[in-house]
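Here the structure is laid out as structure tokens; the discussion comes afterwards.
Chains as they are written, first to last, in my numbering: chain A, 1 to 306; chain B, 1 to 135.
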């Protein structure tokens, strides 16, 4: 076998092995998207009911709660980035990081210093490499986040929000995550978590009800303040939880897409390489034949000449 | 007869929903009972058992660990971070958790919370078994 042919065959073998891996990853990601989507759907009832309860509590009770009152001159803001732990997911993490950079610039323009809370190893690596300061980071659960994970993040940002000191406390909390619209479309979104814009957070039909005076006047137990006090942190945790779930679904979708194009590329490469290998094989055969013919020719002309 | 539409939701799933005659839950100020036609209420819940009497008279017991209760227009919604149906509770595990947590002395808020959770679970199963024995 010719040297050239051997090189081609070796490359085909290695590309085939790679393709097997990417194909497997693609299949795994596809099955995980469905699961992640189910988790998003399962969390919806709680989110809806919670929003309903909050909008009625705010409209009935006091709206001067610190979590709903915007600070007139915000100085510092917390930015939460939801990224992946693992790579090979196309531009999933880098899109979030990029949007985070844009948000940073926007905040700085408004005279606000951003502080960072990172979820996922990818954003952490990005910030560490650039030696930027971060407040806190969480890793290890991004493809299957639980409510406990969201709670930890929520507690950390709430603590900063409720802290009045200039150097530690923050006046705004923003979250950057990837919204899962469907299998094919995911988009990076920025959302202001705190102070809560109750009107924006309320579903449209509820606003109609509020305007029509249709929302019932609640009796609060033990008191409107106490209920609101307990509701609002749940709201923050819930939004973070939902963002993480949507992010996880998007991560799997992005990985599936990246792995699909990798498999397609490998397929293409294999086709190309086998064509060349065949060509090399043909050339070798042709050469051998012409050598034999040439040799036979030389022999016969030598014998006829004698 | 008017009836209640009850839904018990945990953060990550719908635990129980359906029509019901009555519901009893535990708030910081004591137990609250809800029948059809109850005035709108938004209340906090403490760890405890939520008892639901379904329309056919059967009882449903749910262990609820903190959360909220919202009632309006004969719709009752129980929102809890963690909620479990009596049938889904692993009694042995809850007992073990209770023993483990109380054995080494209650010295942290976490342990206290663990004890409360285990106790709520056990209460729920006890209440559910009591009902099954009676009927």
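Every residue gets a Cβ at the ideal spot worked out from N, C-alpha and C, and that includes glycine.
Interface with chain A (8 Å Cβ-Cβ cutoff): residue 79 of chain B is included. For residue 141 of chain A, there is no enclosing beta strand (DSSP E), as DSSP gives it neither H nor E.
The beta-bridge partner set that DSSP reports for residue 82 of chain A consists of A:119.
Using beta-carbon distances, residue 227 of chain A counts as an interface residue toward chain B, with a partner under 8 Å. Looking at the backbone, the Cα of residue 94 of chain A and that of residue 255 of chain A are separated by about 13 Å. Contacts with chain A at 8 Å (Cβ-Cβ) do not include residue 76 of chain B. Ranked by how close their Cα comes to the Cα of residue 152 of chain A, the residues A:287, A:31, A:267 and A:241 have A:241 in first place. Any Cβ of chain A closer than 8 Å to the Cβ of residue 61 of chain B would place that residue at the interface, and such an atom is absent.
Minimum Cα-Cα distance from residue 233 of chain A among the listed residues A:159, A:127 and A:109 corresponds to A:159. For the pair of segments examined, the region 80-94 of chain A was found not to touch the region 41-50 of chain A: the number of CB pairs separated by less than 8 Å stays below three. For residue 114 of chain A, the number of other beta carbons within 10 angstroms of its own is at least 16, and it is reported as buried.
Collapsing the DSSP output to three states places residue 75 of chain A in coil.
Distances from the alpha-carbon of residue 75 of chain B to those of B:103, B:17, B:93 and B:64 put B:17 closest. Residues are counted here when their Cβ sits less than 9 Å from a Cβ of chain B; for the region 172-183 of chain A the count is zero. Two segments are said to touch when three or more pairs of C-beta atoms, one from each, lie closer than 8 Å; by this definition the region 4-18 of chain A touches the region 273-290 of chain A. Proximity of residue 12 of chain B to chain A, defined by a Cβ-Cβ separation below 8 Å, is satisfied. Under the Cβ distance rule, residue 40 of chain B counts among the residues neighbouring chain A, one pair being separated by less than 8 Å.
A contact is defined here as three or more CB-CB pairs under 8 Å, and the region 39-54 of chain B meets this definition with respect to the region 63-75 of chain B. In this structure, B:73 is the residue among B:77, B:118, B:84 and B:73 with its C-alpha nearest to the C-alpha of residue 37 of chain B. No residue range can be given for residue 46 of chain B, since it is assigned to no alpha helix (DSSP H) and is classified by DSSP as neither H nor E. Contact with chain B is absent for residue 272 of chain A, since none of that chain's Cβ atoms lies less than 8 Å from the residue's Cβ. Separation of the CB atoms of residue 193 of chain A and residue 175 of chain A is rounded to 5 Å, and the pair is thereby assigned contact status at 8 Å. In this structure residue 34 of chain B does not touch residue 79 of chain B by the C-beta definition: roughly 15 Å separates them, more than the 8 Å allowed.
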